[in-house]
Amino acid sequence: MRIGIITATYLPSRNGVATSTALFVRGLRERGHEVRVFAPRHPLMPARENGVYRLNSSFLGARALGAPADYPVLLAPGPLLTARLPLRDLDVLHTMHPFLAGGLALKWSRLSGAPVVFTAHTQYDEYLHYTPMPPRLGRAMLRPHVSAFARRVDAVLAPGRAMVQMLHEYGYGGHVELFPNPVDLAAFQAADGHAFRAEHNVPPDAPLVMYLGRLAPEKNLDVMIRAFDQARASRPELRLLVVGDGPSRISAARDAPEGIKFTGPVPYARVPEALAAADAFLTASTSEVLPMSMIEALAAGAPLVAACSPAALDLTTEGVNGTVREATPQALADGLLFALHPDRLGALQAGARASAAQYDLPVRARALEEVYRGVVARRRPRG
1 MRIGIITATY LPSRNGVATS TALFVRGLRE RGHEVRVFAP RHPLMPAREN GVYRLNSSFL
61 GARALGAPAD YPVLLAPGPL LTARLPLRDL DVLHTMHPFL AGGLALKWSR LSGAPVVFTA
121 HTQYDEYLHY TPMPPRLGRA MLRPHVSAFA RRVDAVLAPG RAMVQMLHEY GYGGHVELFP
181 NPVDLAAFQA ADGHAFRAEH NVPPDAPLVM YLGRLAPEKN LDVMIRAFDQ ARASRPELRL
241 LVVGDGPSRI SAARDAPEGI KFTGPVPYAR VPEALAAADA FLTASTSEVL PMSMIEALAA
301 GAPLVAACSP AALDLTTEGV NGTVREATPQ ALADGLLFAL HPDRLGALQA GARASAAQYD
361 LPVRARALEE VYRGVVARRR PRG
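Numbering of the sequence shown is given in the UniProt record's numbering, commencing with residue 1 and proceeding in unit increments.
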């Protein structure tokens with residue numbers, strides 16, 4: 001098939017949507033499909049990219065729209081650029097966004113006759129605090145727009161059950177297929193974390209807790225740090241590495257107690273070795289849908305100690321690959337001590353690796369191919 005993916009974020013931007021989209025592109029190409037990616041220009045993008053068509057973008061106003069610092073805002077291509085893009089022979093279009101990128105997918109569908117698949121990745125209400133408009137006004141504008149867009153496409157996917165519920169709460173009454181994000185399982189199974197520990201002065205035998213992801217207010221970093229500090233009062237040998245960057249990094253690092261190190265961001269190629277260094281993955285966020293970092297932690301054999309969130313409930317089997325606790329310092333501290341108990345940790349790590357198999361890239365790419373074949377068959381005119 002000739003597949004067109006229209007996304008408002010793509011590598012080298014660092015976020016879950018960009019990463020999962022790039023993985024799906026790779027997985028689909030490995031299955032023999034031609035994949036064309038239409039994504040915003042980025043200052044750090046490679047000089048040559050196979051099958052990637054960059055559209056105009058701007059960093060101006062990104063913050064006002066709630067976008068992270070390395071998330072250029074897609075701009076609508078004009079008719080001259082559109083005419084040069086390879087659109088007319090596409091078999092299927094897939095977009096990750098219900099706004100401009102989604103509008104382009106619908107417009108380009110009319111050029112090619114290709115059906116449109118939409119993956120709803122984001123709980124948009126959770127990010128309205130970044131925008132200058134009042135939350136009530138933002139919700140009043142956002143919800144009908146998203147539900148109306150979902151009604152216009154040929155298939156709607158969501159990576160977690162919370163997104164399915166969100167779409168229905170927004171007013172969309174159609175079918176939503178639960179469709180988790182992929183992980184490159186082989187890369188995490190082969191990773192060795194000894195060098196990462198040594199780089200950050202973590203002794204080989206010290207129980208290491210890790211958070212990896214964006215450092216922002218919605219991640220509840222203060223709760224996470226206090227939970228670790230309380231757990232460390234019982235086990236002083238514990239260490240915590242906070243890997244990532246974001247607007248909350250400086251303030252969180254400034255107030256961090258002993259035993260915690262903020263490493264800053266790491267290149268994505270080093271994420272497997274970073275997570276392989278960890279004995280457990282800790283998060284206090286209550287707004288996660290199905291973040292790549294939590295799936296990747298399982299793939300690396302790091303059980304989850306997570307505040308109750310849609311993602312935690314989707315990913316965690318209690319006592320098998322982790323534990324879900326209330327979003328309080330004491331509850332999460334108890335969860336950490338539970339997971340890191342020497343009599344329990346080995347079984348939880350084995351359970352984490354086993355539970356990640358369902359997210360392996362070849363498995364998810366094959367499932368996405370079946371979604372595409374289904375919408376193409378339904379759209380094809382009857383003879």
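The beta-carbon is built from N, C-alpha and C at its ideal position, and this holds for glycine as well.
Between the region 236-253 and the region 172-188, can you find at least three pairs of beta-carbon atoms closer than 8 Å? no
Go ahead and pull the three-state DSSP assignment for Val376. As a position in the sequence shown, residue 376 is number 376, starting the count at 1. The answer is helix: DSSP assigns Val376 an H, G or I state.
Taking buried to mean at least 16 other C-beta atoms within 10 Å of its own C-beta, is Asn50 buried or exposed? As a working note, residue 50 is residue 50 in the sequence shown. Looking at its Cβ environment, which holds fewer than 16 other Cβ atoms inside 10 Å, Asn50 is exposed.
For Arg36 versus Arg54, is the C-beta spacing smaller than 8 Å? Indexing the sequence shown from 1 puts residue 36 at position 36. Indexing the sequence shown from 1 puts residue 54 at position 54. Not in contact: Arg36 and Arg54 (Cβ atoms no closer than 8 Å).
I believe Ala333 touches Gln230 by the beta-carbon criterion, under 8 Å. Please report the beta-carbon distance rounded to the nearest angstrom. Stepping through the sequence shown from its first residue, residue 333 is reached at position 333. Stepping through the sequence shown from its first residue, residue 230 is reached at position 230. Yes, Ala333 and Gln230 are in contact; Cβ-Cβ is about 4 Å, under 8 Å.
Please state whether the Cβ-Cβ distance between Leu185 and Ala357 is less than 8 Å. Position 185 of the sequence shown, counting from 1, holds the residue named residue 185. Position 357 of the sequence shown, counting from 1, holds the residue named residue 357. Result yes, Cβ atoms of Leu185 and Ala357 sit closer than 8 Å.
Alpha carbon to alpha carbon, what distance is there between Leu142 and Asp91? For the purposes of this step, residue 91 is taken as the residue at position 91 of the sequence shown. For the purposes of this step, residue 142 is taken as the residue at position 142 of the sequence shown. Taking the straight line from one Cα to the other gives about 30 Å.
Start-end ranges of the beta strand (DSSP E) lying completely within the region 310-361, minimum 3 residues: 322-325
Would you say the region 260-279 touches the region 181-199, given that touching needs at least three Cβ pairs under 8 Å? yes
Cutting at 7 Å between CB atoms, please list the residues of its own chain near Asp314, excluding the five before and the five after it. Within the sequence shown, numbered from 1, the residue matching residue 314 stands at position 314. Correct list, in chain order: Gly160, Arg161 and Leu290.
Member of Leu157, Ala252 and Leu282 whose CA lies at the smallest distance from the CA of Pro207: As a position in the sequence shown, residue 207 is number 207, starting the count at 1. The candidate whose alpha carbon is nearest that of Pro207 is Leu282.
Just the Cα atoms here: how many angstroms apart are Val375 and Ala83? Taking the first residue of the sequence shown as 1, we reach residue 375 at position 375. Taking the first residue of the sequence shown as 1, we reach residue 83 at position 83. Computed Cα separation, rounded: 26 Å.
Pop quiz: residue 384 and Val117 are said to be a contact at Cβ under 8 Å. What is the actual Cβ separation, rounded to whole angstroms? For the chain, the structure presents residues 1 to 383; residue 384 sits outside this window and is missing.
Three-state secondary structure (DSSP) of Gly173: Sequence index remark: in the sequence shown, residue 173 carries index 173 (1-based). Here Gly173 sits in coil by DSSP.
Put Pro12 into one of helix, strand or coil per three-state DSSP. Stepping through the sequence shown from its first residue, residue 12 is reached at position 12. Here Pro12 sits in coil by DSSP.
Identity of the residue in Gly32, Leu87 and Ala18 nearest Tyr71 by Cα: Locating residue 71 in the sequence shown gives position 71, counting from the first residue. Residue Ala18 is the option with its Cα nearest to Tyr71.
Taking the CB atoms as reference points, tell me whether Val324 and Ala280 lie closer together than 8 Å. Counted from its first residue, the sequence shown places residue 324 at position 324. Counted from its first residue, the sequence shown places residue 280 at position 280. No.
Distance, Ser248 Cα to Pro217 Cα: Locating residue 217 in the sequence shown gives position 217, counting from the first residue. Locating residue 248 in the sequence shown gives position 248, counting from the first residue. So the alpha carbons of these two residues sit roughly 6 Å apart.
Chain-order list of residues whose beta-carbon lies under 8 Å from that of Tyr372 (same chain, five-residue window excluded): The count along the sequence shown starts at 1 and reaches residue 372 at position 372. The residues are Met1, Ile3, Asp91, Val92, His94 and Val117.
Through-space distance from Val320 to Gly213, alpha-carbon basis: Within the sequence shown, residue 213 is the residue found at index 213, counting from 1. Within the sequence shown, residue 320 is the residue found at index 320, counting from 1. Those two C-alpha atoms are separated by around 23 Å.
How many whole angstroms separate the CB atoms of Asn220 and Ala327, which I take to be in contact at a CB cut-off of 8 Å? Within the sequence shown, numbered from 1, the residue matching residue 220 stands at position 220. Within the sequence shown, numbered from 1, the residue matching residue 327 stands at position 327. About 6 Å; that satisfies the 8 Å criterion.
Exposure of Ala76, with buried meaning 16 or more beta-carbon neighbours within 10 Å: One-based indexing of the sequence shown puts residue 76 at position 76. Result: exposed.
Short Cβ contact (8 Å threshold) for Arg31 with Glu370: Residue mapping note: residue 31 aligns to position 31 of the sequence shown, counting from 1. Residue mapping note: residue 370 aligns to position 370 of the sequence shown, counting from 1. In this structure, Glu370 does not lie closer than 8 Å to Arg31 by Cβ.
Burial state of Leu81 (16 or more Cβ within 10 Å): Within the sequence shown, numbered from 1, the residue matching residue 81 stands at position 81. Its Cβ having fewer than 16 others within 10 Å, Leu81 is exposed.
For the ligand ATP, is there any heavy atom lying closer than 7 Å to the beta carbon of Val156? With respect to small molecules bound, the structure shown includes none, and the ligand ATP cannot be examined in it.
In the DSSP output, what is Leu368 paired with across the bridge? As a first step, residue 368 is located in the sequence shown; it is residue number 368 there, counting from the start. For Leu368, which the question treats as bridged, DSSP gives no partner whatsoever.
Within the same chain, show all residues whose beta-carbon is closer than 7 Å to that of Ser20, passing over the 5 residues directly before and after it, in chain order. Looking up residue 20 in the sequence shown gives position 20. Around Ser20: Asn181, Pro182 and Met292.
Alpha carbons only, please: which of Met96, Leu104 and Ala114 is nearest the one belonging to Asp89? What you label residue 89 is simply residue 89 of the sequence shown in a count that begins at 1. Nearest C-alpha to Asp89: Ala114.
Neighbourhood of Leu178 by C-beta distance below 7 Å, restricted to the same chain and skipping five residues each side: Here the question's residue 178 lines up with position 178 in the sequence shown. Excluding sequence neighbours, Leu178 sits near Ala158, Arg161 and Val164.
Straight-line Cα distance separating Thr286 from Cys308: Locating residue 308 in the sequence shown gives position 308, where the first residue counts as 1. Locating residue 286 in the sequence shown gives position 286, where the first residue counts as 1. Computed Cα separation, rounded: 6 Å.
State the CB to CB distance for the pair Val223 and Pro329, rounded to an integer number of angstroms; the pair is presumed to be in contact (CB under 8 Å). Residue mapping note: residue 223 aligns to position 223 of the sequence shown, counting from 1. Residue mapping note: residue 329 aligns to position 329 of the sequence shown, counting from 1. Rounded, the Cβ-Cβ distance is 6 Å, consistent with contact.
Does the beta-carbon of Arg364 have 16 or more other beta-carbons within 10 angstroms, so that it is buried, or is it exposed? Position 364 of the sequence shown, counted from the first residue, corresponds to residue 364. Burial call: buried.
In angstroms with no decimal places, state the Cα-to-Cα distance between Arg232 and Thr317. In the sequence shown, residue 232 corresponds to position 232, counting from 1. In the sequence shown, residue 317 corresponds to position 317, counting from 1. Rounded to whole angstroms, Arg232 to Thr317 spans 25 Å at the Cα level.
What's the C-alpha gap between Thr7 and Glu237? Counting from 1 along the sequence shown, the entry for residue 7 is found at position 7. Counting from 1 along the sequence shown, the entry for residue 237 is found at position 237. Distance between the alpha carbons of Thr7 and Glu237: 44 Å.
Reducing DSSP to helix, strand and coil, say where His94 ends up. Within the sequence shown, the letter at position 94 stands for residue 94. Of the three classes helix, strand and coil, the one that applies to His94 here is strand, per DSSP.
Residue 392 and Arg366 closer than 8 Å at C-beta: Examination of residue 392 is not possible in this model, given that the chain is present from 1 through 383 alone.
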